[in-house]
Every structure is written in structure tokens, then in C-alpha cells.
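Taken in sequence, the protein lines are chains R and B.
Residue 153 in this note's numbering sits at position 153 of the first sequence, and the numbers go up by one each step.
Adding 233 to a residue's 1-based position in the second sequence gives its number in this note's numbering.
Everything on this sheet refers to the single structure shown next.
Protein chains: 2
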Amino acid sequence: TVGSLSQKPERDVLLQDFEVVESIFFPNEGSNLTPAHHYGDFRFKTYAPVAFRYFRELFGIRPDDYMYSLCNESLIELSSSGASGSLFYLSSDDEFIIKTVQHKEAEFLQKLLPGYFMNLNQNRRTLLPKFYGLYCVQAAGKNIRIVVMNNLLPSTVQMHQKFDLKGSTYKRRASPKEKEKTVPTYKDLDFIQDMQEGILLEGDKYSAVCKTIQRDCLLLQSFKIMDYSLLVG
Amino acid sequence: TVGSLSQKPERDVLLQDFEVVESIFFPNEGSNLTPAHHYGDFRFKTYAPVAFRYFRELFGIRPDDYMYSLCNESLIELSSSGASGSLFYLSSDDEFIIKTVQHKEAEFLQKLLPGYFMNLNQNRRTLLPKFYGLYCVQAAGKNIRIVVMNNLLPSTVQMHQKFDLKGSTYKRRASPKEKEKTVPTYKDLDFIQDMQEGILLEGDKYSAVCKTIQRDCLLLQSFKIMDYSLLVG
Numbered sequence: 001t002v003g004s005l006s007q008k009p010e011r012d013v014l015l016q017d018f019e020v021v022e023s024i025f026f027p028n029e030g031s032n033l034t035p036a037h038h039y040g041d042f043r044f045k046t047y048a049p050v051a052f053r054y055f056r057e058l059f060g061i062r063p064d065d066y067m068y069s070l071c072n073e074s075l076i077e078l079s080s081s082g083a084s085g086s087l088f089y090l091s092s093d094d095e096f097i098i099k100t101v102q103h104k105e106a107e108f109l110q111k112l113l114p115g116y117f118m119n120l121n122q123n124r125r126t127l128l129p130k131f132y133g134l135y136c137v138q139a140a141g142k143n144i145r146i147v148v149m150n151n152l153l154p155s156t157v158q159m160h161q162k163f164d165l166k167g168s169t170y171k172r173r174a175s176p177k178e179k180e181k182t183v184p185t186y187k188d189l190d191f192i193q194d195m196q197e198g199i200l201l202e203g204d205k206y207s208a209v210c211k212t213i214q215r216d217c218l219l220l221q222s223f224k225i226m227d228y229s230l231l232v233g
Numbered sequence: 234t235v236g237s238l239s240q241k242p243e244r245d246v247l248l249q250d251f252e253v254v255e256s257i258f259f260p261n262e263g264s265n266l267t268p269a270h271h272y273g274d275f276r277f278k279t280y281a282p283v284a285f286r287y288f289r290e291l292f293g294i295r296p297d298d299y300m301y302s303l304c305n306e307s308l309i310e311l312s313s314s315g316a317s318g319s320l321f322y323l324s325s326d327d328e329f330i331i332k333t334v335q336h337k338e339a340e341f342l343q344k345l346l347p348g349y350f351m352n353l354n355q356n357r358r359t360l361l362p363k364f365y366g367l368y369c370v371q372a373a374g375k376n377i378r379i380v381v382m383n384n385l386l387p388s389t390v391q392m393h394q395k396f397d398l399k400g401s402t403y404k405r406r407a408s409p410k411e412k413e414k415t416v417p418t419y420k421d422l423d424f425i426q427d428m429q430e431g432i433l434l435e436g437d438k439y440s441a442v443c444k445t446i447q448r449d450c451l452l453l454q455s456f457k458i459m460d461y462s463l464l465v466g
């Protein structure tokens, strides 16, 4: 699907495109459209293909690079599964995070796409996640839904300290187990304790970051989303 | 409403904004919000105020200029009412066309706004109408709905000949009555007859115009709109 998309002629994204789900069946023995393979029959669904291609273009992700990163090398499974029970994978070139999501989450993300489009076109400095694609693999009666996102913490960026801030002080301290890691992810109460002076930013940077966070929060509020974190490193 | 909008702080347009209708009651004797006036009581409704303000900004229309052009001088009634039965007015500074529309049309236009937003953000050279605002005046039990658009034919542009092209040859000839005007609006069959060589455009201009028309048509098609004209002058 990723491959065929890159060959399609470019055209504008229309409102309808957000609701499209492209579905391709991959029988074991191959078909006119799909190669033979040595797994069980499966179906590959791409949500809103034209819209996500637009987003990838906006983020400067070339179609062939995208396909190569995701399909040509094994993915690295990440240990931290988060509170949601999702599994996380990293592309071996360190570019993309692949996250499994529940049916409800995938549906919700798809519903957000028109608003997401509007935000990207108005608020280029947005700190919200970069969503590159949403897919579902159907095999043996099971659905595995995955979302492809940017890797916020590429290994090229050296992290001295890492904070996951939610703006709450309720149970917001890194666990003893987390603190044993090489680069632990600290939380709000750790930040208050260890960084009493806060972080010093130049005047324009400070106002740009504040303005961006305000705009992002307005969007999240309109989506009725309150579960978010600001990752500071 | 126009005035109060310009004082509001700027913020991003959200998907919800397309559905908003702002309604202000203007009693004859005045109120906290509105001045007294010597007409009957009326209600002024502004459709999608935040979205249309975004469009006006995109089109480079300053809020105070807009208000001044529409409210400070008398409008000029145009004689050509078109096939739709709409009335047309021109602002005295030659900038804006004000058109009355039926309930259905206003509703339809409002429904198109998200797609219109998407088009403006992707296809800046679009030849589709510029919509600046949609309003409804309720007075004496009657609703008058108006849409404010750009004036396609400002008098500063000298027109030698004018064609309204629909790409059809069925009944597409200017009427004898039309031809008596100083600058008649000719139609497709007149174009074929009088402009046998067509119009010569430079290579890049030609392809730019073709590409733009294709993209505009794709959008119109997605809106299920087939009643359109290309005005050539």
C-alpha cells in the first residue's frame, strides 16, 4: 500500500479522504495485485491514505524512505509499554515509532484527522505528535492496529535528563525502578525538586514555546483530550 | 458583529467553528451591547465568524476596511439578478459583492466551509469565489441571508470582451438583449465563433491555469457542484 501510493498522481486532500479505508487482501499464494508469501492469508488496511500522505509530505518524509524504513529492516521492540498496554517498536534507522492501538483509539484518531489537518496548516510549530500513518493488519481473525509516529527521542540527540510533565502533582514522581535506569524519565514532582530554578529560555523562545503550547492546548481541549505529557529533555 | 470580531484575540480556527452561528438582537431602543436605531427591532446572525475571519485574513482583507466598505457607505444595487433570483449589490468602493441567497444555499455554503478551508490551504491559486462572510438579518418575521464575496470585475480592470463559459454548447449564446449592452457578457457559442484561435497564453501560465482549473474541478466534484462558470475577460 505504501508503495502503490507513491506512484499515484498527486492531488489535493478532500474532506472525504479522512474517512477512506483502503483494504488489500494478501492471499498466501499471491494475486494479481500482491506477491506470494509464506505467512497465512492476511488483509492490510490503510486508513485515510491520501490524508496521511499529505501529512508525511508536510513533515518532509519521502515515500520511498518511509517504505524502506518500515519494511526493509526489522523493527526493534521497545520494553516500555506505557500505561495503555500498547506495544512500541522503533524502526532500525531510529526515525519512526510504531505503536499498537486499540480499535477505539484508531477510530478516535481517524475522527481527529480533519482538525489535525487544520492545526498543521495554522500552527506549524505545533508540539503535538507527528502522525505518519494508521494501519490495520487482519490475520487469523485478529486485528492489529498500528500507528506510525515520529521518534521524539532519536539517539543522535544526547539527553542529559528527561522529564515527562503533565502539570499535575498527584502521584507524579518517578518510581524507584524507573530511577535505576541509565536515563530515567522523571516526572513533575522530581522536576519541582531537582530543577528549582526551572529552565532558562531566551525571551523570544520562551514566548514562542508558550504560544505554541497554548494553541496546542486549545486544540486538545476542542478534541476533549486531557491525557497529554510535555516531554522535556 | 464585524466590529466586535476585530477586537477579539486571534486564535486558530477549530473544526467546530464552521458550525457556529453568532446571533445578536438589535432592539429599536438599544441594549447594553447594541446602539438604539430608528428601524424596527432586528436580529443579525453571523455564520462561522471565526472561520470567515480566517478566510478574510488569508485574502488580505483588514477587519476595519471590511467593516468600513460594507457599513459606512450606501451599497449600489446591480441590475443583473442572474438566473437564481438573487439580488446583487456592490460596495461603493468597488471591492465587495453582496448577494442575497436562499436558506438552502446558505446552509449548503456553510456545509462546504471545512472543504473550502482545505482547498485554500492547498491550492492558493484557486479560481473559486472568495467568500468573505455569510450573514442573516431577521426582521419583521423575514430572513434575509447575504453572502459577501470578492468583486471579480472591479472597474479598474478595463474589460475588452467578457465571456461566461460553462463548457457547454447547449443554449450558450448571449441573448440579443445582452448584446445591446456596452460590455455584453458573451457565452460559449459566441466564444467559439468570435475567438476561433482561442486565447494565447505563455507555456507556464497555460499549465498553471490548467492545473488550477483541474484542482478546482476536483473540489467542485467532491461537493457535487456542477453549476459553475469560468469568467474570461
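Virtual Cβ for every residue (Gly too), placed ideally from N, Cα, C.
Note that the coordinates shown come from a computational prediction; the quantities given were computed from them, not determined experimentally.
If we cut at 8 Å on Cβ distances, does residue 440 of chain B have a partner in chain R?
No, no contact with chain R.
Measure the beta-carbon distance from residue 233 of chain B to residue 283 of chain B and round it to whole angstroms, keeping in mind my assumption that it falls under 8 Å.
With chain B running from 234 to 466 in the structure shown, residue 233 of chain B is simply not present.
Closer than 9 Å by beta-carbon distance: list the chain R residues that pair up with residue 348 of chain B, in chain order.
14, 15, 16
Classification of residue 169 of chain R by the beta-carbon crowding that lies within 10 angstroms, buried from 16 upward:
exposed
Step through the CB atoms of chain R and report whether any lies within less than 8 Å of the CB of residue 235 of chain B.
With a pLDDT of 46 at residue 235 of chain B, under the threshold of 50, the predicted position of this residue should be treated as unreliable, and no value is reported.
Nonlocal neighbours in the same chain, by C-beta distance under 7 Å from residue 416 of chain B, ignoring five residues either side
392, 395
With 16 other CB atoms within 10 Å as the buried threshold, where does residue 185 of chain R fall?
buried
By the criterion of Cβ-Cβ separation under 8 Å, what are the contact partners of residue 455 of chain B in chain R?
Residues of chain R passing the Cβ test: 14, 15, 16.
Helix, strand or coil at residue 182 of chain B according to DSSP, with G and I counted as helix
The question about residue 182 of chain B has no answer, for chain B in this structure spans 234 to 466.
With a cut-off of 8 Å on the beta carbons, I'd call residue 90 of chain R and residue 76 of chain R a contact; round off their distance for me.
4 Å
Pull up the CB-CB distance for residue 132 of chain R and residue 55 of chain R, whole angstroms please, since I reckon it's below 8 Å.
7 Å
Where does residue 243 of chain B fall in DSSP's three states?
coil
Residue 436 of chain B and residue 372 of chain B: beta carbons closer than 8 Å?
Cβ distance not < 8 Å, so residue 436 of chain B and residue 372 of chain B don't count as in contact.
Span separating the alpha-carbon of residue 263 of chain B from that of residue 243 of chain B
28 Å
Between the alpha carbons of residue 102 of chain R and residue 173 of chain R, how many angstroms are there, rounded?
Straight-line measurement puts the Cα of residue 173 of chain R at about 28 Å from the Cα of residue 102 of chain R.
Within its chain, find whatever has a CB closer than 7 Å to the CB of residue 397 of chain B; leave out the 5 residues flanking it on each side and keep chain order.
Correct list, in chain order: 418, 420, 462, 464.
Please classify residue 235 of chain B as buried or exposed, where buried requires at least 16 neighbouring CB atoms within 10 angstroms.
For residue 235 of chain B, the predicted model reports a pLDDT of 46, less than 50, meaning its position is unreliable; a value from the coordinates is still stated below. The residue is buried, with at least 16 neighbouring Cβ atoms inside 10 Å.
Residue 257 of chain B: first and last residue of the uninterrupted alpha helix (DSSP H) it sits in
Not the alpha helix (DSSP H): residue 257 of chain B falls in the beta strand (DSSP E), residues 254 to 259.
Do residue 119 of chain R and residue 219 of chain R have their beta-carbon atoms positioned less than 8 Å apart in this structure?
One thing to note: residue 219 of chain R has its Cβ within 8 Å of the Cβ of residue 119 of chain R.
Rounded separation between residue 196 of chain R and residue 166 of chain R - CA only
17 Å
Within 10 angstroms of the Cβ of residue 33 of chain R, are there 16 or more other Cβ atoms? Answer buried if so, exposed if not.
exposed
Applying the 10 Å Cβ sphere with the 16-neighbour rule, what's the burial state of residue 156 of chain R?
Answer is exposed; the Cβ neighbour count stays below 16.
Taking only beta-carbon positions, decide if residue 172 of chain R is within less than 8 Å of chain B.
no
Buried or exposed for residue 303 of chain B, going by 16 or more other Cβ atoms inside 10 Å?
buried
Go through its chain and collect everything with a Cβ distance to residue 361 of chain B's Cβ below 6 Å, but skip five positions before and after it.
449
Measure how close the beta-carbons of residue 125 of chain R and residue 208 of chain R come, nearest whole angstrom, since I'm counting them as under 8 Å.
7 Å
Would you say residue 43 of chain R lies against chain B (beta-carbon separation less than 8 Å)?
no
CA nearest to the CA of residue 281 of chain B, picked from B:457, B:333, B:349, B:319
B:349
Unbroken alpha helix (DSSP H) run spanning residue 438 of chain B, endpoints:
436 to 455
Can you give me the Cβ contacts of residue 112 of chain R inside the same chain, cut-off strictly under 8 Å, excluding the 5 residues immediately before and after it?
223
Runs of alpha helix (DSSP H) wholly within the segment 142 to 214 of chain R (minimum 4 residues, chain order)
176 to 179, 188 to 194
Starting from the beta carbon of residue 11 of chain R, find every residue of chain B whose beta carbon is closer than 8 Å, and list them in chain order.
448, 451
Under 6 Å Cβ to Cβ from residue 379 of chain B, same chain only, skipping five residues before and after it: list those, please.
331, 333, 368
Counting along the chain, where does the beta strand (DSSP E) carrying residue 332 of chain B start and finish?
First-last of the beta strand (DSSP E) with residue 332 of chain B: 329 to 334.
Interfacial residues, the segment 346 to 378 of chain B to chain R, with Cβ spacing under 8 Å:
Answer set for the segment 346 to 378 of chain B: 347, 348, 350, 351, 352, 354, 355, 356.
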